[in-house]
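A quick write-up on the structure given underneath.
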Amino acid sequence: MRARQRFERAADYIACLYSGLEDSIFKLIINALKDGDYKHVDQADVVMWQAQQLQKIGRLNQDAVKLMAKVDGLSEDAVKDLIKFHGMKIINEIDGQLERATKQSQPLSADVTNKLDALADQTWTDLQNNVNESLVTRNYQHSAVTRAYRQILTESTIATVSGATSHEDAVKHALYKAVDQGLPTRLVDKAGHNWSIEGYTRMVTTTTVNRTYNDLRLQRMQDFDMHLAVMSSHPNSRPACAPIQGHVVNLVPSGDPNYDPKYDSIYNHGYGEPSGTLGINCRHVLYPYVPGLSTNHQPQYDPDEAIKNGKLVQAQRARERAIRDAKKRLKAAEELGDEEMINRTKTLVRARQSKMRDFIKDTNAGHKTPILTRDYDRERIN
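Take my numbering: the final residue in the sequence shown is number 433, and no numbers are missing along the way.
This is the structure:
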């Protein structure tokens, strides 16, 4: 197994820990609602019931803090050590490739160790500021637990007072809505979207793996005074990568003294931008290239076709998220003992899985090499 794959598995474990923590916190909320006998509340006493349930906020937050303290692997030392450990594995792997290509070795530069330290620090800062402090805060009124719990109470009370539905149905509807949204972080993007804890941690861990892998490899190539690389190629690609994948590329911009005009540059294709070459979720790899010695064995794909296939992969990822979302709702319904929702959601899960099978089958029809592959791990929840 390559260094990147090992790092991906380790990083995914961190994301799974946060996802499991989120599930456990929703279980706390569900138990609090059940203890409050929400099924036997009517329009006349719902406001009093809400006031009584709000008094549980302190205890809910204390229990959430205890849950997080029990999770092994989410401390600052654990997160940073994991990144640095796998970062060194990446360095060892690229050094082996560079030494075989150049017949020489180079000591680790201060730049590469500084990059690794900075990546570890940034990852921890992102998780600490936007996730951990949303869960563990002395100001309970602003915690993710309180925000989700208060939202459920407020929405169910309003629906009951208005007479639109029974209190039991109102609580269930508000709860499932909160589960679908996930526990909120402090982060709101430019579009006004509030990231959930699970969604944000998966984005952070994926970005960390990609940045660590690519930044360390590129820095070591620079340490070896190498400025050309062969870019890996895939049947599916983002628009920024499609024209240059499978080709030799410059690792420096066109104005650099080491620029080779025979080849395109990654800087001409959005390198350094989230949607550009080697950006967020980009899985391309740059292999050291020595003119006259190295050989490009990468398969060639039509750029337009690769971009089209890339959109199909994105569609598959959306279907995977939909399956996970349905499974989360099913889990909440089971905790709540809602037989009607359990049956409905089981049917929904099966329907979405069936649509996934048909989507992959139809997409791959007529192609010698499959464009899409079913990845059941991406459909799992903890």
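Just so it is clear, CB atoms sit at the ideal spot from N, CA and C, and this is done for glycine as well.
- Straight through space, the alpha carbons of Asn394 and His218 are spaced by roughly 21 Å.
- For Arg408, the enclosing alpha helix (DSSP H) starts and ends at 390–415.
- Considering only Cys67, Glu371, Glu59, Glu73, the residue with the shortest C-alpha distance to Ala115 is Glu73.
- Taken atom to atom, the span from the alpha-carbon of Ser405 to that of Arg271 is near 46 Å.
- The criterion of a C-beta distance shorter than 7 Å is satisfied by Val182 and Ile248.
- Nearest to His137 by alpha-carbon distance, out of Glu430, Ser288, Val341, Asn265, is Asn265.
- For Gln101 against Thr216, the beta-carbon gap comes to about 15 Å, at or over 8 Å, which does not count as contact.
- When secondary structure is reduced to three states using DSSP, Val239 falls in the strand class.
- Take the alpha-carbon of Leu105 and the one of Arg201: they are about 7 Å apart.
- For Ala210, no beta strand (DSSP E) encloses it; the enclosing alpha helix (DSSP H) starts and ends at 195–212.
- Val281 has Val299, Tyr338 as its beta-bridge partners, per DSSP.
- Per DSSP, Ser247 is one residue of the beta strand (DSSP E) stretching across 245–247.
- When the Cα atoms are used, Met407 and Val364 turn out to be separated by approximately 12 Å.
- Using a 10 angstroms sphere on the CB of Asp389, the tally of other CB atoms reaches 16 or more, which defines it as buried.
- Closest by C-alpha distance to Leu226, out of Met119, Trp175, Lys85, Asp128, is Lys85.
- In the same chain as Ile358, and ignoring 5 residues on each side of it, the C-beta atoms closer than 7 Å to its own belong to Ser288, Pro290, Ala293, in chain order.
- Between Arg425 and Ile411, the CB-CB gap stays under 7 Å.
- Contact between the segment 58–74 and the segment 244–259 is established, with three or more Cβ pairs separated by less than 8 Å.
- Residue burial is scored here from C-beta neighbours: Glu324 has fewer than 16 other C-beta atoms within 10 angstroms and is therefore classed as exposed.
- Under DSSP, Asp315 shares a beta bridge with Val300.
- The DSSP-derived three-state label of Tyr310 is coil.
- Judged by DSSP in its simplified three-state form, Tyr264 adopts helix.
- Pairing Asn433 with Gly109 gives a Cβ-Cβ distance that is not under 7 Å.
- A contact is defined here as three or more CB-CB pairs under 8 Å, and the segment 123–141 meets this definition with respect to the segment 165–176.
- In chain order, Ala54 place their CB closer than 6 Å to the CB of Lys140, counting only its own chain and leaving out the 5 sequence neighbours on each side.
- For Asn332, the secondary structure class from DSSP, reduced to helix, strand or coil, is coil.
- For the set Lys107, Val92, Glu356, Met282, the Cα lying nearest the Cα of Ile80 is the one of Lys107.
- With contacts defined by Cβ atoms closer than 7 Å, Asn309 and Val300 do not form a contacting pair.
- DSSP, reduced to helix, strand and coil, places Pro354 within a helical segment of the structure shown.
- If you ignore the 5 residues before and after Lys379, its C-beta comes within less than 7 Å of the C-beta of Val230, Ile432, all in its own chain and listed in chain order.
- Excluding its 5 nearest sequence neighbours in each direction, Val212 has C-beta neighbours in its own chain below 8 Å: Gln94, Val97, Val98, listed in chain order.
- In the three-state DSSP reduction, Gly109 falls in the helix class (H, G or I).
- Residue burial is scored here from C-beta neighbours: Ser156 has fewer than 16 other C-beta atoms within 10 angstroms and is therefore classed as exposed.
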